[in-house]
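Q:
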Amino acid sequence: MAQKPQKPKRRSDVRHRDGAAQSPDASITAVSQGRIGNWALLGGLTLLTLLVVFLDASTGNDLRVVPLLVVVPALASVYCSLRQTIWVAVWITTVVVGFRAGADGTFWDFVFGIGFAVLACALGVAACAARIRHATEMARLRSAAVTLQRQILRPLPVVTDHVFAYGLYEPIEEDRFVGGDIYEVVESPYGTRVIIGDVQGKGLAAIGAGFAAIAAFREAAIREPTLTGVVQALEDAVVRHNEFSAQTGEAERFVTALVLGFDEGGRVEAVNCGHLAPRLLHDGRTSAVTLHRTSVPLGLAALSREARTAESFDFPQGATLLVVTDGVTEARDATGAFYPLDERVVAWAGHGPRELLDALHGDLEEFSGGIRRDDVAALALHRAPAVTP
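Numbered by my numbering, the letters in the sequence shown go through residues 29 to 417 in order.
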């Protein structure tokens with residue numbers, strides 16, 4: 029009797045690589061914290077006060093400099109926490125009141141000087157509170173979007189009769205950059221079906237289009253006997269989603285996707301809908317898989333006269349297939365150069381699938397300096413060992 033490869037049983041075995049993303053609570057807490065430490069703020073404020081008082085004493089009655097300190101709370105509201113800004117406002121108000129109390133002038137000079145200082149400091153505190161409130165709302169929105177992405181996408185690895193699927197997925201948490209990278213692995217009566225794709229555009233609308241494609245794939249991968257049938261179901265789902273989006277005023281979107289089919293044989297069937305070609309790693313060598321029948325992205329079939337067709341390529345025992353989204357290939361370094369994926373993969377040809385993704389993740393972070401402008405998704409698909417009767 030054939031023995032099926034053992035699937036991960038513990039939750040700790042399932043690795044969903046999102047280490048760069050903060051938890052929602054951490055993101056919200058971070059925006060309310062100041063960018064300047066308390067001791068650094070105290071030292072800088074003390075030196076500034078002494079300098080201004082010295083300048084005021086040096087200029088005498090010709091030019092009063094101390095009242096200019098009222099702009100400090102406004103500056104603090106940009107870089108400090110609310111508590112720090114309140115503390116700065118109290119400090120400045122005390123200094124200005126002390127200065128006005130010891131200065132010459134009429135009663136109304138004193139009243140208007142103190143009133144102006146209190147008003148300016150209060151406005152600085154109010155501006156800080158408004159900034160933190162707005163940043164907190166944006167952090168909640170970003171965290172909700174990323175949490176939604178994680179709920180849509182399956183944690184990896186996934187083990188089937190035909191393939192071991194490991195994954196790297198790092199969503200970006202900037203609200204206007206939230207992307208729609210998708211992937212899924214489904215074991216069906218017709219073999220294991222895999223999709224990796226990228227929704228055009230950014231934002232929550234891109235996540236919605238990605239969810240429509242993923243939901244259609246999960247159903248069609250089990251129902252449709254052919255891979256082209258699966259892709260046609262995806263096309264219909266994206267078209268329906270775009271029709272609904274148009275009715276609600278949202279922009280229509282397309283999805284680049286690579287759909288793969290694995291069975292008991294030594295070949296992989298593929299339908300490429302405008303996505304990046306996979307890389308094959310085997311026996312210490314790497315090569316880009318050439319797909320000759322690349323078709324238009326999902327949602328754009330009406331613009332093409334050619335029907336989508338499947339093609340196949342060799343996938344021998346022990347080989348690993350690396351598929352990525354353009355968040356990997358379009359990552360840039362400090363000079364603006366794109367990430368040279370093919371050059372880097374050569375050095376990792378002997379790695380296992382998990383080690384391959386670890387190397388890719390570390391190298392990508394070093395290359396880009398930790399600065400990303402798109403989601404990063406990658407799958408390392410390892411041919412399952414042959415089962416013995």
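Glycine included, each C-beta is placed from N, C-alpha and C at the ideal position.
For D403, does the count of other Cβ atoms within 10 angstroms reach 16, so buried, or fall short, so exposed?
A: Around the beta carbon of D403, 16 or more other beta carbons sit within 10 angstroms, so the residue counts as buried.
Q: So what does DSSP say about R321, is it helix, strand or coil?
A: coil
Q: Below 7 Å CB to CB, which residues in the same chain sit around H379 once its five sequence neighbours on both sides are set aside?
A: A387
Q: Check L326 in the structure and name its three-state DSSP category.
A: strand
Q: Can you name the residues that DSSP bridges to E339?
A: A298.
Q: I'd like to know whether the C-beta atoms of A359 and S396 end up nearer to each other than 9 Å.
A: yes
Q: How many Å lie between R63 and R111 at the Cα?
A: 12 Å
Q: Let me confirm a value: T314 is counted as buried when at least 16 other C-beta atoms fall within 10 Å, else exposed. Which label applies?
A: buried
Q: Which residue comes first and which comes last in the beta strand (DSSP E) that contains S86?
A: Run containing S86: none in the beta strand (DSSP E); it sits in the alpha helix (DSSP H), N66 to T87.
Q: Pairing CB atoms from the segment 180–191 with CB atoms from the segment 210–218, are three or more of them under 8 Å?
A: yes
Q: Where does E292 land, buried or exposed, given buried means 16+ other C-beta within 10 angstroms?
A: Looking at its Cβ environment, which holds fewer than 16 other Cβ atoms inside 10 Å, E292 is exposed.
Q: How far does the beta strand (DSSP E) with V267 in it extend, from its first residue to its last?
A: No beta strand (DSSP E) holds V267; the alpha helix (DSSP H) holding it covers L255 to Q275.
Q: From the DSSP secondary-structure annotation, give me the bridge partner or partners of I224.
A: As DSSP reads the structure, I224 sits in a beta bridge with Y211 and L286.
Q: With 16 other CB atoms within 10 Å as the buried threshold, where does S105 fall?
A: buried
Q: Would you identify the three-state DSSP class for R411, choosing helix, strand or coil?
A: strand
Q: What would DSSP say about S109, mapped onto helix, strand or coil?
A: Three-state DSSP puts S109 in coil, outside helix and strand.
Q: If P306 sits next to L349, beta carbons under 8 Å apart, how far is it from one beta carbon to the other, in whole angstroms?
A: 5 Å
Q: Indicate whether P325 and Y194 have their beta-carbon atoms separated by less than 9 Å.
A: no
Q: Could you please give the first and the last residue of the uninterrupted beta strand (DSSP E) stretch that includes E393?
A: Run containing E393: none in the beta strand (DSSP E); it sits in the alpha helix (DSSP H), P381 to S396.
Q: Hey, quick one: how far does the beta strand (DSSP E) through R251 stretch, first residue to last?
A: Run containing R251: none in the beta strand (DSSP E); it sits in the alpha helix (DSSP H), L232 to R251.
Q: Do the segment 79–98 and the segment 114–127 make contact, defined as three or more Cβ pairs closer than 8 Å?
A: A contact exists between the segment 79–98 and the segment 114–127.
Q: Less than 9 Å separating the beta-carbons of V93 and L83?
A: yes
Q: Look at L262 and A244 and say whether their C-beta atoms are less than 9 Å apart.
A: yes
Q: Could you compute how far the alpha carbon of L385 sits from the alpha carbon of P183?
A: 15 Å
Q: Buried or exposed for T254, please, with buried defined as at least 16 other CB atoms from any protein chain shown within 10 angstroms of its CB.
A: Note on T254: under 16 other CB atoms within 10 angstroms of its CB, so exposed under the neighbour-count rule.
Q: When we look at the beta-carbon of A375 and count the other beta-carbons within 10 Å, is it buried (16 or more) or exposed?
A: exposed
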